Amino acid sequence: EEDVEMTEEAKELLTKIGVESTLRYAIHLITVANLVALKRKAQEVDVQDIRKVYSLFVDVKRSTQFLMEYQQEFMFSEVQDDEAQDSEVQDSVRTLIHGARTKENARMKAETDSAMP
Numbered sequence: 001e002e003d004v005e006m007t008e009e010a011k012e013l014l015t016k017i018g019v020e021s022t023l024r025y026a027i028h029l030i031t032v033a034n035l036v037a038l039k040r041k042a043q044e045v046d047v048q049d050i051r052k053v054y055s056l057f058v059d060v061k062r063s064t065q066f067l068m069e070y071q072q073e074f075m076f077s078e079v080q081d082d083e084a085q086d087s088e089v090q091d092s093v094r095t096l097i098h099g100a101r102t103k104e105n106a107r108m109k110a111e112t113d114s115a116m117p
């Protein structure tokens, strides 16, 4: 469907990448590798084209590894466990719901008070 000619070695490398990462990521690499091959005036995508785009565009797994490895260098580098993070989210949602209910109750009371003579 991408209408891209490529060497067998490039296909094997893409297959390996697709298995280790995701098929979607591998398909995106095909399109970009084709652009790299066209730029070097090649008729087909080769392993070097795949390697180049693989180094330029990171998949989720490598991105996560990068973030974990360099987390101390980021401005907000605190890592929380899932339970603490879930608890914070739940607390935030409760606060928002409580605030919305309080505003709604105040609005209804104001409407009731204004309707009374």
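Position 87 (the sequence shown) corresponds to 87 in UniProt numbering; numbering is contiguous. All C-beta atoms in this analysis are idealised placements derived from N, C-alpha and C, irrespective of residue type, glycine included. Bear in mind the structure is a predicted one, so any value in this text is a computation, not a measurement.
Practice prompt. Please confirm if the region 40-48 is in contact with the region 6-16, defined as three or more CB-CB distances below 8 Å between the two stretches.
Written response: Taking 8 Å as the limit for Cβ pairs, the verdict is that the region 6-16 does touch the region 40-48.
Worksheet item: In terms of alpha-carbon separation, which member of ARG40, LYS41 and VAL60 lies closest to ALA26?
Response: In the sequence shown, the residue the question calls residue 26 occupies position 26. Answer by Cα proximity: VAL60.
Worksheet item: For MET6, is the classification buried or exposed, using 16 other Cβ atoms within 10 angstroms of its Cβ as the cut-off for buried?
Response: Within the sequence shown, numbered from 1, the residue matching residue 6 stands at position 6. It counts as buried.
Worksheet item: Applying the criterion that 16 or more other CB atoms from any shown protein chain within 10 Å of the CB defines a buried residue, is VAL19 buried or exposed?
Response: Translated into positions along the sequence shown, residue 19 becomes position 19. Its Cβ having fewer than 16 others within 10 Å, VAL19 is exposed.
Practice prompt. Can you give me the start and stop residues for the alpha helix (DSSP H) that GLU9 sits inside?
Written response: Taking the first residue of the sequence shown as position 1, residue 9 is located at position 9. Per DSSP, GLU9 belongs to the alpha helix (DSSP H) from 8-20.
Discussion item. Using a Cβ-Cβ cutoff of less than 8 Å, which residues in the same chain neighbour VAL53 once the five nearest sequence positions on both sides are dropped?
Written reply: Your numbering for residue 53 matches position 53 in the sequence shown. If we look at VAL53 and ignore the five residues flanking it on each side, its Cβ neighbours are LEU29, VAL32, ALA33 and VAL36.
Discussion item. For ILE50 and THR95, what's the separation of their Cα atoms in angstroms?
Written reply: Mapped onto the sequence shown, residue 50 falls at position 50. Mapped onto the sequence shown, residue 95 falls at position 95. A straight-line Cα-Cα distance of about 49 Å links ILE50 and THR95.
Item to complete: Identify the continuous alpha helix (DSSP H) that holds GLU5 and give its terminal residues.
Response: As a working note, residue 5 is residue 5 in the sequence shown. Run containing GLU5: none; DSSP gives neither H nor E here.
Worksheet item: Which two residues bound the contiguous alpha helix (DSSP H) that contains TYR25?
Response: One-based indexing of the sequence shown puts residue 25 at position 25. First-last of the alpha helix (DSSP H) with TYR25: 23-39.
Worksheet item: From ASP91 to VAL4, what distance separates their C-alpha atoms?
Response: Residue 91 sits at position 91 when you count from the first residue of the sequence shown. Residue 4 sits at position 4 when you count from the first residue of the sequence shown. When the Cα atoms are used, ASP91 and VAL4 turn out to be separated by approximately 51 Å.
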